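Down below is the structure, laid out as structure tokens.
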Amino acid sequence: MAIKKLREYEGLNSILARFEKLGKSQGYILIGELTEAIAHLDISDDEMDDILKHFTKIGISLEDDSVEDNSLEDIDDKDIDESKIKEIPDTDDEFEEKEESDEDIEYIETVLKNPNYARANDVKITDPVKMYLKEIGRVDLLDKEEEIRLAERVALNDQEAKKKLISANLRLVVSIAKHYIGRGMLFLDLIQEGNLGLIKASEKFDPEKGFKFSTYATWWIRQAITRAIADQARTIRIPVHMVETINKMTRIQRTLVQELGREPTAEEIAVKMGPNITPERVREIQRIALEPVSLETPIGEEDDSHLGDFLEDKDTVSPSEYATNELLKDELYNVMKDLTDREERVLRLRYGLDDGRPRTLEEVGKEFGVTRERIRQIEAKALRKLRHPTRAKRFGDFRGHHQ
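Counting the sequence shown from 1 gives a position; the numbering used here is that position plus 46.
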């Protein structure tokens, strides 16, 4: 699809115009900024490729805003601890990189420089992230000439070249994925989604377009990760454009807390959000941003009780009510013995007395092979019998419970 057709998407025209203006003034645009700007648009892979080609065609280069970090030296050991990643809240609008300790950096450097190094207390079979980093650290990086040669072979459907091109850039995926920790997905899941983007990049890369493979791959890796976060990070999916709005509101709310020394009101947040956001809209966004809470959430220091233990199930019948209903049902069945077999069966089906599923006149009619009107007549006759004073008085004690 040509770039002109892409402009039919809502908001894309203004986004591209803004980045064209920015790119012409400084000579380049940052991939990360462009990726975030169009993340809320439903754009296919081919259409995203057209966007890249469009900027290249008009002389604007695309640059990766994260330093090319295939050494992985700044990955904090705390970040790759799966048990701790699970505990990171995904309320933060942006991932703030943690300060790396000298010990953390030394560990990563040692593994990458000497792939055979593995102390038993450093890399355990139960720590898949560290094992994965150690595995990809064994693959040598490629220079530009090698990338071009492999890309040309990939274009000829050389699967071995494709595998080598992908393997040599797995560390690039990790260096990008670490910036998305804390947004609701585990580190390994982020890496796997990024790897899918890397595979897509290897299939579409054309060295004649003038891109470095790492720059081109960064585009696809970021797209794959941001899409996965939008689709999978929350129990209830929130559209990407709404996530951006929630993040903006969260930043404003934090700023106001520092300025005011208290939680801001919806009116105060609305003023900072802009003229198009009302206090009612702020409250609606706050409701959308709420995270579902598990009924198994531990309560108390001993963790011996859970949230679900303290929540009333209003649909549950109380023991006394259940006993009353059972006695009423028994009495009803006794009274129905005075009806004919057909009348009793019609009432049982019509009111779902046996399985709790009432049937329509038409459904019961099909059951008996008669018309719905005939079933209505049988039902009316059976109810008249039950309303006879000699039978109705037997239900007198239950009327106070079933008004």
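Glycine is no exception: its CB is placed at the ideal position from the N, C-alpha and C atoms. Since we're looking at a predicted model, the values are computed, not measured.
Original post:
Looking at C-alpha atoms only, which residue of L236, M177, K318, E314 is the closest neighbour of A279?
Top reply: Residue L236 is the option with its Cα nearest to A279.
Original post:
Got a sec? Which residues, its chain only, sit under 7 Å from L80 by beta carbon, not counting five neighbours each side?
Top reply: Cβ neighbours of L80 beyond the five flanking positions: F65.
**OP:** Name the residue from D277, K427, A369, W266 whose alpha carbon lies nearest to the alpha carbon of I77.
**Re:** Residue W266 is the option with its Cα nearest to I77.
Original post:
What's the call for A197, buried or exposed, on a 16-neighbour Cβ count within 10 Å?
Top reply: Buried.
**OP:** To the nearest angstrom, report how far apart I345 and S351 are at their CA atoms.
**Re:** Whole-angstrom Cα-Cα distance: 5 Å.
**OP:** Identify whether D136 lies in helix, strand or coil by the three-state DSSP scheme.
**Re:** With a pLDDT of only 36 at D136, under 50, the local geometry of the prediction cannot be trusted, and no value is derived from it.
Subject >> Own chain, CB closer than 6 Å to T436, minus 5 neighbours either side, in chain order >> reply: The answer is none, since no qualifying residue turns up.
Original post:
Would the stretch 249 to 261 and the stretch 220 to 232 be scored as touching if the rule is three or more Cβ pairs under 8 Å?
Top reply: Result no; under three Cβ-Cβ pairs closer than 8 Å.
**OP:** With a threshold of 16 other CB atoms inside 10 Å of the CB of T339, please say whether the residue is buried or exposed.
**Re:** This sequence places Val at residue 339; Thr is not what is there. Counting the other CB atoms within 10 Å of its CB gives V339 a total below 16, which places it among the exposed residues.
Original post:
On the three-pair Cβ rule with 8 Å, is the stretch 238 to 246 touching the stretch 181 to 188?
Top reply: Contact between the stretch 238 to 246 and the stretch 181 to 188 is absent, because fewer than three Cβ pairs lie under 8 Å.
Original post:
Closest to I75 by CA distance: which of L98, D91, D92 is it?
Top reply: Checking every option, the nearest Cα to that of I75 belongs to L98.
Original post:
Could you give the residue range of the alpha helix (DSSP H) that holds Y226?
Top reply: First-last for Y226: undefined, no H or E at that position.
**OP:** Tell me whether the beta-carbon of V363 lies closer than 8 Å to the beta-carbon of L432.
**Re:** Between V363 and L432, the CB-CB gap reaches or exceeds 8 Å.
Original post:
Is it the case that the Cβ atoms of V289 and A274 are separated by a distance below 8 Å?
Top reply: Not closer than 8 Å, so no.
Original post:
L108 lies in the beta strand (DSSP E); which residues open and close that run?
Top reply: Annotation for L108: the continuous beta strand (DSSP E) segment containing it runs 107 to 109.
Original post:
Just how far apart, CA to CA, sit V317 and I323?
Top reply: Going by C-alpha positions, V317 is about 8 Å away from I323.
**OP:** Quick one: grab the DSSP three-state call for R53.
**Re:** Only weak support exists for where R53 lies, its pLDDT of 42 falling under 50; the coordinates are left without a value.
**OP:** Given a cut-off of 8 Å, decide if R391 and E405 are closer than it, judged by their beta-carbon atoms.
**Re:** Note that residue 405 corresponds to Arg in the displayed sequence, not to Glu. With a cutoff of 8 Å on beta-carbon distance, R405 and R391 are scored as not near each other.
**OP:** Tell me whether N203 is buried or exposed, calling it buried when 16 or more other Cβ atoms sit within 10 Å of its Cβ.
**Re:** So N203 ends up on the exposed side.
Original post:
How is the beta strand (DSSP E) around V75 delimited, first residue to last?
Top reply: In the sequence under discussion, the amino acid at residue 75 is Ile, which differs from the Val named in the question. Note, I75: beta strand (DSSP E), 74 to 76.
Original post:
R327 to G398, Cα distance in whole Å?
Top reply: Going from the Cα of R327 to the Cα of G398 covers about 45 Å.
Subject >> Nearest neighbour of D355, chosen from D361, E348, L341 [CA to CA] >> reply: The shortest Cα separation from D355 among D361, E348, L341 belongs to L341.
Subject >> Alpha carbon of L353 to alpha carbon of G228, nearest angstrom >> reply: Approximately 25 Å between the Cα atoms of the pair.
Subject >> Reference I194; option with closest CA among M231, Y262, G230, R329 >> reply: It is Y262 whose Cα lies nearest to the Cα of I194.
Original post:
If you follow the alpha helix (DSSP H) that A247 is part of, which residue opens it and which one closes it?
Top reply: Annotation for A247: the continuous alpha helix (DSSP H) segment containing it runs 233 to 250.
Original post:
In the structure shown, what three-state DSSP assignment does P321 receive?
Top reply: Here P321 sits in coil by DSSP.
Subject >> Residue range of the alpha helix (DSSP H) that includes H434 >> reply: Looking at the DSSP string, H434 is not in any alpha helix (DSSP H), and its letter there is neither H nor E.
Subject >> Expected contact under 8 Å - CB spacing of V200 and S260 to nearest Å >> reply: Between V200 and S260 a beta carbon distance of about 15 Å is seen, past the 8 Å cut, so the two are scored as non-contacting.
Original post:
Helix, strand or coil: which one does DSSP assign to P338?
Top reply: DSSP places P338 in coil when its eight states are reduced to three.
Original post:
If we count the other Cβ atoms within 10 Å of its Cβ and call it buried at 16 or more, is I182 buried or exposed?
Top reply: Around the beta carbon of I182, 16 or more other beta carbons lie within 10 angstroms, which makes this residue buried.
Original post:
Taking the alpha carbon of G402 as the point to measure from, which residue in N215, K375, D387 has its own alpha carbon closest?
Top reply: Looking at the Cα atoms, K375 is the closest of the given residues.
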